[in-house]
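Trainee:
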Amino acid sequence: MQQHATIAEASFTRDADLGPARRPRGRPIHRMLVSFSAAYFVGALVTDIAYWQMLDVMWERFSIWLITAGLIMAGLAIVAYVIDLASRRRIDRPAWPRATGYAIAVLLALTNAFVHSRDGYTAVVPTGLTLSALVVIVLALTALVAGSLTNRHRLGV
Amino acid sequence: MIQIVKDARSAKLPRLAALLVAGLGLAGCNNEGGDPKMQIGANPQLPALQQYLMPPIRIAKVVGWGKETPAVPEGLQVHALANGFQHPRSLYVLPNGDVLVVESNGPKAPIYRPKDIITGWVQSFAGAKAKDANRITLLRDTNGDGIPDLRTVFLDHLNSPFGVALIGHNLYVANTDAIVRYPYQEGQTSITAAGTKLTDLPGGPIDHHWTKALLAGPDGSKLYVGVGSNSNIGENGIGAEYERAAIWEVDVASGAHRIYANGVRNPTGLAWEPETGKLWAIANERDEIGPDLVPDYLTSVKDGGFYGWPYSYYGQHLDPRIKPQRPDLVATAIAPDYSLSSHVAPLGLAMYTGTGLPANYRGGAFVGEHGSWNRTPLNGYKVVFVPFSGGKPSGPAQDVVTGFLDANDHARGRPVGLAVDKNGALLIADDVGNTVWRVSGSAPKPAS
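So the protein lines, in turn, are chains A and B.
The first sequence begins at 41 in our numbering and counts up by one.
The second sequence begins at 1128 in our numbering and counts up by one.
Laid out in structure tokens, this is it:
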């Protein structure tokens, strides 16, 4: 009995001391989810262009599912990001331009999901296609700006 | 009854969803429809079309009839012929006066887009997801008091049936995917014989407009079939529309068919105009381009005629949602004869030749309007009468059977198929109230 209590106490103490310091500081999970959603949104632009050129409803259906999948991933990314923000002591400064750009892209994609839910040709051309392209442009610009900020930050340090 | 109560309770959900969406600023233009009276008759006013981020959805919460009955004007009376049906959609009266009630619902819709999930969910609140009975029930009123004294299952294990037509001793039933012929002897109360397939009809896997209206030709050698489109506006691809949005002429001897007329989006009811003997149809027009577009209609059907769908509506009004366009076809598009106003969803047509109702109804058309689900304010939810003279509509549509909506715009029932019984009374299938209503002339008042 005595022995057990000692062991429990010892392991508890060790965890309390070493836990946080030992946790690996890897890539946060929201980054991975953001990459997924960006890939889906880029896919939707490709299938939109395919529909515009070929007028086969198959491509139109691909687009709306890709946009929907992208939005689901974006939703999960936002949840993960909020958890990260809440649990981390320090936020990297360049995270804010990236977060803002991403939020704009997601809102555009959400609007696009509604446009793509129309029936027939006007679900894609011209508004849906334009929005798909805008989402990709905003994502690309965000990556570019955020990337350069991160680099400057690192160089500055 | 349980179904109705459940519907009533859960109908709060879509309103909540609509509020959430509106809160996100995604409701788009939330404009109201104009006065439907401006769109009754030939040459309806057609506003410019709009496209939405979120098309308006306005469904009537189902509350059931309770002790209420529909309302009829002076000179008519109404009572429930029978109730307790499972989604009765259409009616047919046999020569001996037996009434066939087709209890049916559409096949399960496939999910091609996220929107299909939402649509299915919304429809379930409008009472459209009732269990599919797939059968025909027979009602017999031997003593003519308007209360049936025999009720039997006439035909069972059908596949989303809708149209019924009797030619001699052959009873034809239009399932959603085929016309089937059954031997019938007068007075028979149930058919157990296996049917013989006359011809396939466009059915699944996509079967968007599933009802197949059926009408026997005047000489009994042909059947006319209303085959609805496979989409709202071609969003399932033009390949899915092969021989759809059309009225077929089927040869009863061989089962061969030809397209009698096409470009009719969803011809849900067919009838012969009594004076001229011409074919007339009611049709449900396209959605999602505004509360006042496109008006549903009643029209004569010309052999070989093209009525616009999907390329255009009311003649040459182009629909931008269809690509590539077909200017060659649009040039020939016939504008329908008579607009019933937008989104009323006409699902029942009966040309009245009986004598049981007051004389002013003779020769005109009754139309059962199932009611709108995508328009504010609600439109339809009643049976109207279109007077005819010289083989053509001769005046505005009159409300005949109302009260399907209560004062709060909740649905007690929704009218669908119509028929005229052997005593000249008008029968109405109500697929939400699960009742068959009988409208007869009221007892003559003593002369003053």
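A virtual CB, placed ideally from N, CA and C, is assigned to each residue, including glycine.
Fair warning: this is a prediction, and the values are worked out from it, not measured in the lab.
So, helix, strand or coil for D1243 of chain B, using DSSP?
Mentor: Correct three-state label for D1243 of chain B: helix.
Trainee: Does the CB of S157 of chain A have a neighbour CB from chain B at under 8 Å?
Mentor: Chain B, which has a Cβ nearer than 8 Å to the Cβ of S157 of chain A, makes this yes.
Trainee: At a CB-CB cut-off below 8 Å, which residues of chain B make contact with I144 of chain A?
Mentor: None at all; the shortest Cβ gap to chain B is about 15 Å.
Trainee: Within 8 Å (strictly less), CB to CB, does L1180 of chain B reach chain A?
Mentor: For L1180 of chain B, the answer is yes, since a Cβ of chain A falls inside 8 Å of its Cβ.
Trainee: List the residues of chain A that E1362 of chain B touches, going by C-beta distances under 7 Å, in chain order.
Mentor: Here the neighbours are V97, D159 and G160.
Trainee: With DSSP run on the structure shown, which of helix, strand or coil describes L1282 of chain B?
Mentor: Here L1282 of chain B sits in strand by DSSP.
Trainee: According to DSSP, I1294 of chain B sits in a beta bridge with which residue or residues?
Mentor: Answer by DSSP bridge pairing, in chain order: B:N1297.
Trainee: Unbroken beta strand (DSSP E) runs of length 3 or more, entirely within the stretch 1191-1244 of chain B: which are they?
Mentor: Those beta strand (DSSP E) runs which fall completely within the stretch 1191-1244 of chain B and span 3+ residues are 1203-1210, 1215-1220 and 1226-1230.
Trainee: What are the boundary residues of the alpha helix (DSSP H) that P1454 of chain B is part of?
Mentor: Run containing P1454 of chain B: P1454 to V1457, per the alpha helix (DSSP H) assignment.
Trainee: Got a sec: which bits of the stretch 101-128 of chain A sit with their beta carbon under 8 Å from any beta carbon on chain B, in order along the chain?
Mentor: Flagged, chain order: R101, I104, W105 and T108.
Trainee: Should Y1239 of chain B be flagged as near chain A, meaning a C-beta pair shorter than 8 Å?
Mentor: Yes, Y1239 of chain B lies at the interface with chain A (some Cβ there is under 8 Å from its Cβ).
Trainee: Under 7 Å between beta-carbons, which chain A residues line up against I1449 of chain B? List them in chain order, please.
Mentor: Those within 7 Å of I1449 of chain B in chain A are G160 and Y161.
Trainee: Where are the beta strand (DSSP E) runs, 3 residues long or more, that stay fully inside the stretch 93-127 of chain A, in chain order?
Mentor: As far as the stretch 93-127 of chain A is concerned, it has no whole beta strand (DSSP E) run of at least 3 residues.
Trainee: By the three-class DSSP mapping on this structure, what secondary structure does H1470 of chain B have?
Mentor: Three-state result, H1470 of chain B: coil.
Trainee: For R1385 of chain B, count neighbouring Cβ atoms within 10 angstroms of its own Cβ and tell me buried if that reaches 16, exposed if not.
Mentor: That one is exposed.
Trainee: For D88 of chain A, which residues in the same chain have their Cβ closer than 7 Å to its Cβ, ignoring the five residues on either side in sequence?
Mentor: Taken in chain order, the residues that qualify are S103, V164, G168, L169 and S172.
Trainee: Classify A50 of chain A as buried or exposed, calling it buried when 16 or more other Cβ atoms lie within 10 Å of its own Cβ.
Mentor: Residue placement at A50 of chain A is poorly supported in this model, since its pLDDT is 44, which falls under 50; the coordinates still yield a value, given next. Exposed: under 16 other Cβ atoms inside 10 Å.
Trainee: Between Y80 of chain A and G115 of chain A, which are expected to be in contact by the criterion C-beta below 8 Å, what is the C-beta distance as a whole number of angstroms?
Mentor: 12 Å between Cβ atoms; not a contact.
Trainee: Helix, strand or coil: how does DSSP classify G187 of chain A here?
Mentor: Three-state result, G187 of chain A: helix.
Trainee: Relative to the C-alpha of L189 of chain A, which residue among A:W92, A:Y91, A:W136 and A:R71 is closest?
Mentor: The candidate whose alpha carbon is nearest that of L189 of chain A is A:W136.
Trainee: Along chain A, which residues have their Cβ under 9 Å away from the Cβ of N1359 of chain B?
Mentor: The contacting residues are D159 and G160.
Trainee: Run the CB neighbour count on G196 of chain A, radius 10 Å, all protein chains shown included, and call it buried at 16 or more, exposed below.
Mentor: Low per-residue confidence applies at G196 of chain A: pLDDT is 43, beneath 50, and the placement is therefore not dependable, though the value from the model is reported in the following sentence. That one is exposed.
Trainee: Could you name the residues of chain A that E1201 of chain B contacts, counting a contact when the two beta carbons are closer than 8 Å?
Mentor: Chain A residues near E1201 of chain B: none, gap ~44 Å exceeds 8 Å.
Trainee: Is the Cβ of L1146 of chain B closer than 8 Å to any Cβ of chain A?
Mentor: Its pLDDT being 40, under 50, L1146 of chain B is placed unreliably in this model, and the coordinates cannot settle the point.
Trainee: Anything in chain A within Cβ reach of E1415 of chain B, meaning under 8 Å, just list it in chain order.
Mentor: Simply R158 and D159.
Trainee: Considering only their Cβ atoms, is the gap separating D1419 of chain B from E1466 of chain B smaller than 8 Å?
Mentor: The residue you asked about is not Glu; residue 1466 of chain B is Ser in the sequence shown. In this structure, D1419 of chain B does not lie closer than 8 Å to S1466 of chain B by Cβ.
Trainee: One question on the structure: do N1615 of chain B and Q1213 of chain B come within less than 8 Å of each other, judged by their Cβ atoms?
Mentor: Because chain B here runs from 1128 to 1575, residue 1615 of chain B falls outside it and cannot be looked at.
Trainee: In terms of DSSP beta bridges, what is M1181 of chain B paired with?
Mentor: None, per the DSSP bridge assignment.
Trainee: Locate the beta strand (DSSP E) running through W1580 of chain B, then write down its first and last residues.
Mentor: With chain B covering 1128 to 1575 only, the question about residue 1580 of chain B has no answer from this structure.
Trainee: Using the three-state DSSP reduction, which class does I1333 of chain B fall into: helix, strand or coil?
Mentor: In this structure, I1333 of chain B counts as coil in the three-state DSSP scheme.
Trainee: Is V1228 of chain B buried or exposed, if buried means 16 or more other CB atoms sit within 10 Å of its CB?
Mentor: Flag for V1228 of chain B reads buried.
Trainee: Between H1296 of chain B and the rest of its own chain, which residues show a CB-CB distance below 8 Å, the 5 nearest in sequence each way excluded?
Mentor: Same-chain partners within the cutoff: P1310, Y1311 and Q1312.
Trainee: When we look at the beta-carbon of I177 of chain A and count the other beta-carbons within 10 Å, is it buried (16 or more) or exposed?
Mentor: The residue in question, I177 of chain A, is exposed, as its Cβ has fewer than 16 Cβ neighbours within 10 Å.
Trainee: Cβ closer than 8 Å: which chain A residues qualify as neighbours of K1242 of chain B?
Mentor: Those are I104 and S157, listed as they occur along chain A.
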